[in-house]
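Data block below; observations after.
Residue numbers (this note's numbering), protein chains in the order written: chain A, 2 to 405; chain V, 2 to 405.
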């Protein structure tokens with residue numbers, strides 16, 4: 002794409018109200034635009050990243066055999082009343098302009114909706130197990146919407162729900178999902194601990210969260226970097242400096258960002274919606290469920306927090322909006338045009354900075370945007386291209402083939 | 002995909018409250034699930050269709066050079082107050098559970114939001130023209146939500162907005178978009194008339210709508226099938242039986258479904274948000290805008306209305322959830338498994354009905370689901386496959402190669 006036709010203007014100064022690196026750099030780089038506190042637009046560059054993260058998540062969920070679908074954002078009162086969640090404080094209420102009564106909440110999670118749908122689908126043991134997921138805009142009335150896209154009133158989430166005939170079958174799927182989640186975070190360039198966590202509003206059971214160590218995180222975790230033992234503070238059995246119960250490592254206390262969670266739900270929702278199946282033995286039994294979330298927009302913010310330096314963002318190639326940033330310092334632009342077309346022909350996503358600004362401006366913008374490979378064509382480079390990776394200081398001369 | 006692991010159970014009977022073919026067949030085929038009046042879930046089969054339609058729309062908008070992005074569903078009061086649209090009756094209002102004041106409307110369109118964002122991006126003539134679009138869940142408080150997914154309270158839309166320095170540049174983009182829209186509808190298997198229409202709440206100018214003739218449509222149009230002359234009733238200069246002003250054809254009155262619209266916006270929104278650019282002549286001028294909508298979920302409903310028969314749906318290949326429906330009538334299932342794997346290896350999207358139900362059930366389900374090619378493997382077919390297209394009565398024996 003030609004940068005001159007990209008709708009997004011970068012800024013040299015951070016927004017005055019940004020309290021975290023992700024908010025400051027993502028706004029300066031025109032990845033996102035803040036419309037209201039906790040409410041963001043994803044501008045074209047940021048939206049390309051969201052789509053890449055969502056596709057990684059989809060690939061891993063599809064590999065589990067899960068079905069993608071989409072449920073409504075308008076969650077009817079009837080669903081939330083069935084489980085006593087109509088009054089949950091993070092729920093937004095919706096009504097028509099002249100209506101006195103709220104008919105809907107804005108979905109922040111969809112256990113109720115999918116359990117009720119499943120009750121029309123599941124009747125026999127042959128209908129389970131199955132799982133379904135969606136990538137959807139979700140809503141939470143967050144009083145402390147302050148950390149950029151890490152905690153918003155409106156955000157993009159993947160939520161998956163699974164339905165099983167037995168605890169053993171559920172346990173097996175839960176472990177497979179744990180691995181799929183680890184794959185997602187590793188592919189996004191993040192080192193996520195899988196922590197034991199409390200169930201929160203969803204369940205009394207122990208659950209698991211995926212936590213990425215970062216100073217802007219809101220959670221406290223205790224981890225052993227040696228054997229990956231990890232607990233959230235609220236259920237912790239160890240403190241900083243303890244010997245890890247599973248190896249000889251030393252427990253460390255860290256602040257961390259929660260990027261995903263997996264919940265055993267037991268029969269809480271199947272009981273509420275009378276979701277039963279007829280077993281092979283002719284006996285009706287409740288379906289055992291789990292739910293599994295990944296914050297897609299929060300992942301983008303977390304990657305920005307973990308992968309940046311003073312000059313700007315340093316996107317991992319897997320989620321970068323473009324593979325190559327082509328900077329043209331020549332007057333004619335002919336060599337850059339040839340390189341641009343050659344890269345496009347080979348299917349390489351390239352952003353060509355064809356703007357009429359100084360080389361210094363282009364270099365600073367390239368550092369800010371953080372595309373993994375920078376390719377400069379100037380009067381000095383002749384037939385060659387000056388190649389530099391964003392995460393390295395090394396600069397070398399090469400050809401188109403060295404960019405691929 | 003194996004049909005046994007697909008989360009979606011078809012039904013032999015239509016829902017009692019369905020008033021249109023799209024509602025009845027889409028619910029019976031488990032493409033969609035009705036959660037509330039005008040509020041639907043897209044089950045896995047239906048979601049595959051939505052994604053296919055959305056990708057066709059994306060390809061055509063990208064070919065126009067437009068940038069994909071995503072704006073918030075929570076539209077801050079400040080935006081709609083600036084254009085006196087805070088009180089528009091189709092707008093839903095949002096507030097927290099204990100809050101007395103509505104802070105947001107749920108976005109049914111995004112002229113205000115994008116114009117304000119653009120006012121931070123556009124300063125010089127070098128920053129225009131550009132256009133941006135999103136594929137997004139939209140909300141309207143529809144009293145008459147009754148025609149399945151044709152008119153919902155929550156629906157999926159593509160909305161695009163364009164920004165220009167001159168009327169001439171706008172006109173040229175408007176005409177190119179008209180052609181891109183014609184491409185979208187043709188690729189979805191629809192014959193859409195481009196009608197002259199009134200501006201409605203958006204603009205006093207003449208606008209254009211794309212209308213597909215159907216008995217369940219809510220609009221009345223006057224068309225000449227010979228030369229494609231077409232007007233909406235509310236601006237019509239002709240009536241049924243008139244001679245078409247542009248050829249010798251006879252004008253016909255039709256009911257039709259509006260599947261898209263394109264609006265010249267002039268400077269209405271740029272004036273409201275003080276969106277100006279500095280011209281090459283050093284003079285500040287208002288930006289000239291247009292907006293362009295396509296109802297993605299409505300398109301799915303319209304295709305269902307146009308492409309069905311008494312037995313079920315007849316999806317055009319371009320939007321079908323699968324290319325081939327493989328039915329297995331054998332006991333061992335070996336031949337079907339081989340065919341399934343061979344098709345998958347060649348990248349053909351195949352739904353394999355591996356359920357333990359009768360051949361009659363499988364044939365009826367295949368007709369209901371409407372996948373373009375049906376491939377039956379039975380004890381009778383030997384090494385061959387019985388191939389039938391959903392839109393033809395002809396049945397013939399062939400091999401895997403005849404399915405590709």
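The beta-carbon is built from N, C-alpha and C at its ideal position, and this holds for glycine as well.
Since residue i and residue j should fall inside the 8 Å C-beta cutoff, what is the C-beta to C-beta distance between them, to a whole number of angstroms?
i, j, result
"residue 258/A", "residue 303/A", "5 Å"
"residue 191/A", "residue 307/A", "6 Å"
"residue 278/V", "residue 124/V", "6 Å"
"residue 51/V", "residue 297/V", "6 Å"
"residue 30/A", "residue 314/A", "6 Å"
"residue 65/V", "residue 181/V", "5 Å"
"residue 24/V", "residue 149/V", "3 Å"
"residue 325/A", "residue 404/A", "5 Å"
"residue 54/A", "residue 179/A", "That pair is no contact at about 19 Å."
Any C-beta of chain A sitting closer than 9 Å to the C-beta of residue i?
i, result
"residue 271/V", "no"
"residue 7/V", "yes"
"residue 154/V", "yes"
"residue 202/V", "In this prediction, residue 202/V scores a pLDDT of 49, lower than 50, which makes its location untrustworthy; no coordinate-derived value is stated."
"residue 98/V", "yes"
"residue 118/V", "yes"
"residue 341/V", "no"
"residue 107/V", "yes"
"residue 26/V", "no"
"residue 405/V", "no"
"residue 197/V", "no"
Looking only at C-alpha atoms, which of the options sits nearest to residue i?
i, options, result
"residue 28/A", "143/A, 12/A, 40/A", "12/A"
"residue 165/V", "235/V, 265/V, 197/V, 84/V", "265/V"
"residue 96/A", "186/V, 142/V, 348/V, 176/V", "142/V"
"residue 112/V", "85/V, 340/V, 167/V", "85/V"
"residue 14/A", "342/A, 115/A, 312/A, 140/A", "312/A"
"residue 36/A", "385/V, 119/V, 354/V", "119/V"
"residue 439/A", "77/A, 281/A, 301/A", "Because chain A in this structure spans residues 2 to 405, residue 439/A falls outside the shown range and cannot be described."
"residue 274/V", "114/V, 22/V, 53/V", "114/V"
"residue 161/A", "167/A, 34/A, 280/A, 292/A", "292/A"
"residue 336/A", "362/A, 387/A, 323/A, 294/A", "387/A"
"residue 109/A", "343/A, 90/A, 47/A", "90/A"
"residue 268/V", "54/V, 362/V, 198/V, 167/V", "167/V"
"residue 233/V", "100/V, 200/V, 133/V, 242/V", "200/V"
"residue 352/A", "367/A, 223/A, 362/A, 247/A", "367/A"
Determine, using beta carbons only, whether residue i comes closer than 9 Å to chain V.
i, result
"residue 346/A", "no"
"residue 278/A", "no"
"residue 160/A", "no"
"residue 121/A", "yes"
"residue 34/A", "yes"
"residue 251/A", "no"
"residue 332/A", "no"
"residue 394/A", "no"
"residue 187/A", "no"
"residue 291/A", "no"
"residue 51/A", "yes"
"residue 10/A", "yes"
Say whether chain B places a C-beta atom closer than 9 Å to the C-beta of residue i.
i, result
"residue 353/V", "The structure shown contains no chain B; the protein chains it does contain are A and V."
task: Can you give me, in chain order, the residues of the stretch 57-86 of chain A that have a beta carbon less than 7 Å from any beta carbon in chain V?
output: Answer in chain order: 66, 68, 69, 70, 71, 72, 73, 74, 75, 77.
- prompt: Using 8 Å as the threshold, is the stretch 215-235 of chain V in touch with the stretch 309-324 of chain V, meaning 3 or more CB pairs across them?
  reply: no
task: Check whether the stretch 369-388 of chain A touches the stretch 4-15 of chain V, taking contact to mean three or more Cβ pairs, one atom from each stretch, closer than 8 Å.
output: no
field: chain V contacts from the stretch 138-151 of chain A (Cβ-Cβ distance under 8 Å)
entry: 138, 140, 142
message: Between the stretch 328-343 of chain V and the stretch 61-69 of chain V, can you find at least three pairs of beta-carbon atoms closer than 8 Å?
response: no
task: State whether the stretch 389-398 of chain V contacts the stretch 347-360 of chain V, with contact taken as three or more CB pairs (one from each stretch) at a distance under 8 Å.
output: no
message: Using a Cβ distance threshold of 8 Å, determine whether the stretch 169-176 of chain A contacts the stretch 68-88 of chain A, with at least three qualifying pairs required.
response: no
task: Count the C-beta pairs between the stretch 122-138 of chain V and the stretch 245-262 of chain V that are closer than 8 Å, then say yes if the count reaches three, no if not.
output: no
query: Which residues, in order along the stretch 123-138 of chain V, keep a beta-carbon less than 7 Å from a beta-carbon of chain A?
result: 131, 133, 138
query: For the stretch 241-265 of chain A, which residues have a beta carbon sitting closer than 7 Å to at least one beta carbon of chain V?
result: none
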